[in-house]
Amino acid sequence: MSIPDFPDPEIPYTEPIDYTEPAIGEEARRLDAKPIGQRIALRRRTRRRVVLLVLGYLATLLVGVSMISDGRNVIQVAPSLFVPGVFLAGFVFETLDSASGMGFGTSLTPLLLSFGYTPLEVVPVLFITETVTGLLAGALHHEFENVTFSVSRPLSDATKAVLLLAGFGVVGTLASIGFAYLLVEIPERAIEIYVALLVIAMGVFGLLRQFLPRQLTYRPRRLAGFALLAGLNKGVSGGGYGPVATLGQIYAGVFEKTATAITSLSEGLVSVVGALTYVGLFLAGFPISYGLFPSLFTGAFLAAIAAPYLVRVLPGRVLEYLIPLYAFSIGTYALVQLT
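All residue numbers for the sequence shown refer to our numbering, where the first residue is -7 and numbers rise by one.
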């Protein structure tokens, strides 16, 4: 008769590890599996933080308007600072960006230019807005349990992914400035066509991927390759970072909801470089207009709060189609603009 194999009381029991579970996004997957009522409900602490965040911004906005009103009635001054169309555009495209990880600058820049604004009026405001909203959206994605970031050791895999993507993005941004000032001879149209076709191809593959057998194992080396590609795109064209970073994470085994959160925070960190550059130029006396800032920033700020919550509530299956479809749309739009 065989002797039963009892566990050794000296060795603590641990649950068996499921190595097919992705290393990034398991918390978001567990939340996504819950009924929608539980996903809609927020902890009291989270509700309080969101309310304080909105009230704090509105109070800051009111103080800012009061400071530039020169003694005039704030109610009379405010309408001249806010353009409804710009506010709405900022809200819509930041919602899409924070919910899908792409499209804020790529989609919004041509629209604002079509409104009659100049690049010097648009680009600095976009950099500063994307810096704040990217960092805010990343923090709220964490608060809404779409991702788990850490600031102390050991760093979570999501935090390592942010540092990897942001690192290549910063290098790409600095390279783009170098290309601009050193006049490196790169055919601009050819680069823009390449980026558009790459984004279209990744969008198409993302859609086809829904009908193929899926491997959920997280592959850091694959993510490193896509991070390098995203950084190169940023360096040679200034665009194509978000779609490649987000879809690259998904192809590397990161859960869709978590991938959008990581890209949001990464883009916020990358945009710091551009934002500081333009703020420095402004402080140095260069004529840079920030007239769009109140309208665009307010719309984008509110969207950066709403979008992470929307990602929390939406079924993950929706984002599996929404993200590649939106990438395909962005690439197609960019390609049409070039023809």
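A virtual CB, placed ideally from N, CA and C, is assigned to each residue, including glycine.
Just so you know, these numbers come straight off a predicted model, no measurement behind them.
Worksheet entry | Cα-Cα separation, Phe83 to Ala216 | Indexing the sequence shown from 1 puts residue 83 at position 91. Indexing the sequence shown from 1 puts residue 216 at position 224. Between the alpha carbons of Phe83 and Ala216 lies a distance of about 31 angstroms.
Discussion item. Is it the case that the segment 292 to 312 contacts the segment 132 to 149, given that we only count it when at least three CB pairs across the two stretches are under 8 angstroms?
Written reply: yes
Item to complete: Assign Asn225 to one of three DSSP states: helix, strand, or coil.
Response: Working through the sequence shown from its first residue, we reach residue 225 at position 233. Three-state result, Asn225: helix.
Discussion item. Among Glu86, Ser144, Val139, Thr140, whose alpha-carbon lies nearest the alpha-carbon of Leu118?
Written reply: Residue numbering aside, residue 118 sits at position 126 when the sequence shown is read from its first letter. Considering only alpha carbons, the answer is Glu86.
Worksheet item: Between the beta-carbon of Phe334 and the beta-carbon of Ile192, is there less than 8 angstroms?
Response: Residue 334 is absent from the structure shown; the chain starts at -7 and stops at 331.
Worksheet item: Using CA coordinates, which residue listed in Val57, Ser144, Ala150, Gly232 is at the minimum distance from Asn138?
Response: Translated into positions along the sequence shown, residue 138 becomes position 146. Selected option, being the one with the closest Cα: Ala150.
Discussion item. Helix, strand or coil for Leu275? Go by DSSP, reduced to three states.
Written reply: Taking the sequence shown and counting its residues from 1, one reaches residue 275 at position 283. If DSSP states are grouped into helix, strand and coil, Leu275 belongs with the helices.
Discussion item. Measuring straight from C-alpha to C-alpha, what distance separates Leu220 and Lys249?
Written reply: For the purposes of this step, residue 220 is taken as residue 228 along the sequence shown, with counting starting at 1. For the purposes of this step, residue 249 is taken as residue 257 along the sequence shown, with counting starting at 1. Their Cα atoms are separated by approximately 22 angstroms.
Discussion item. Quick check: the Cα distance between Val78 and Leu103, rounded to an integer number of angstroms?
Written reply: Numbered from its first residue, the sequence shown carries residue 78 at position 86. Numbered from its first residue, the sequence shown carries residue 103 at position 111. Between Val78 and Leu103, the C-alpha separation is close to 9 angstroms.
Worksheet item: Are the beta-carbon atoms of Val310 and Ile28 separated by less than 8 angstroms?
Response: The residue labelled residue 310 in the question sits at position 318 within the sequence shown. The residue labelled residue 28 in the question sits at position 36 within the sequence shown. The answer is no: Cβ separation not under 8 angstroms.
Worksheet item: So what does DSSP say about Met194, is it helix, strand or coil?
Response: If you number the sequence shown from 1, residue 194 lands on position 202. Three-state result, Met194: helix.
Discussion item. Can you tell me whether Tyr233 is buried or exposed? The criterion is at least 16 other CB atoms within 10 Å of its CB, across all chains shown.
Written reply: As a first step, residue 233 must be located in the sequence shown, where it is residue number 241. With 16 or more Cβ atoms within 10 Å of its Cβ, Tyr233 is classed as buried.
Worksheet item: So does the segment 47 to 57 actually touch the segment 89 to 96, counting three or more Cβ pairs closer than 8 angstroms?
Response: no
Practice prompt. Taking Gly126 as part of the alpha helix (DSSP H), name the residues at either end of that continuous run.
Written response: As a working mapping, residue 126 is identified with position 134 in the sequence shown. Taken as a continuous stretch (DSSP letters only), the alpha helix (DSSP H) holding Gly126 covers 111 to 135.
Worksheet item: If you drop the 5 nearest sequence neighbours on each side, which residues of the same chain put their C-beta closer than 6 angstroms to that of Phe289?
Response: Residue mapping note: residue 289 aligns to position 297 of the sequence shown, counting from 1. These residues qualify, in order along the chain: Thr121.
Worksheet item: Are Thr324 and Gly93 touching if we call contact CB-CB under 8 angstroms?
Response: Against the sequence shown, residue 324 aligns to sequence position 332. Against the sequence shown, residue 93 aligns to sequence position 101. In this structure, Gly93 does not lie closer than 8 angstroms to Thr324 by Cβ.
Worksheet item: With a CB to CB cut of under 8 angstroms and the five nearest residues on each side skipped, what residues in its chain are close to Gly260?
Response: Position 268 of the sequence shown holds residue 260. Excluding sequence neighbours, Gly260 sits near Glu122, Thr123, Val124, Thr125, Gly126, Leu127, Leu128, Ala129, Gly130.
Worksheet entry | Where Leu257 sits in the DSSP three-state scheme | Here the question's residue 257 lines up with position 265 in the sequence shown. The answer is helix: DSSP assigns Leu257 an H, G or I state.
Discussion item. Looking only at its chain, what residues have a beta carbon closer than 6 angstroms to the beta carbon of Ile16, apart from the 5 residues adjacent to it on each side?
Written reply: Position 24 of the sequence shown, counted from the start, is the residue given in the question as residue 16. Asp149, Ala150, Tyr210, Val246, Thr250.
Worksheet item: So is Leu327 in contact with chain C if we call contact Cβ pairs under 8 angstroms?
Response: Any reference to chain C falls outside this structure, which holds one protein chain only.
Practice prompt. Evaluate Thr238 with the Cβ neighbour count: other Cβ atoms within 10 Å of its Cβ, from every protein chain shown; 16 or more gives buried, anything less gives exposed.
Written response: On the sequence shown, position 246 is the one that residue 238 refers to. Classification of Thr238: buried, given that the 10 Å Cβ count is 16 or more.
Practice prompt. Please name the residue in Leu224, Leu189, Val115, Arg201 whose C-alpha comes closest to that of Ala158.
Written response: Here residue 158 corresponds to residue number 166 of the sequence shown, with the count starting at 1. If you compare the alpha carbons of Leu224, Leu189, Val115, Arg201 with that of Ala158, the shortest gap goes to Leu224.
Discussion item. Alpha carbons only, please: which of Phe96, Gly95, Phe136, Val75 is nearest the one belonging to Gly108?
Written reply: Taking the sequence shown and counting its residues from 1, the one referred to as residue 108 is at position 116. Nearest option by C-alpha distance: Val75.
Worksheet item: Taking all protein chains shown into account, do 16 or more other C-beta atoms lie within 10 angstroms of the C-beta of Leu156, making it buried, or fewer, making it exposed?
Response: Translated into the one-based positions of the sequence shown, residue 156 becomes position 164. Under this definition Leu156 is a buried residue.
Item to complete: Could you pull the start and end residues of the alpha helix (DSSP H) that Tyr313 belongs to?
Response: In the sequence shown, counting from the first residue as 1, residue 313 sits at position 321. Its alpha helix (DSSP H) spans residues 308 to 330.
Worksheet item: When DSSP labels each residue in this structure, what does Ile280 get in the three-state scheme?
Response: The residue given as residue 280 occupies position 288 in the sequence shown. Ile280: coil per DSSP, three-state reduction.
Worksheet item: Taking DSSP as the reference, what is the three-state secondary structure of Val163?
Response: Locating residue 163 in the sequence shown gives position 171, where the first residue counts as 1. In the structure shown, Val163 sits in a helix (DSSP, three-state: H, G or I).
Discussion item. Give me the residue from Pro146, Gly277, Phe141, Val264 with the minimum Cα distance to Val162.
Written reply: In the sequence shown, residue 162 corresponds to position 170, counting from 1. When only C-alpha atoms are compared, the closest one is Val264.
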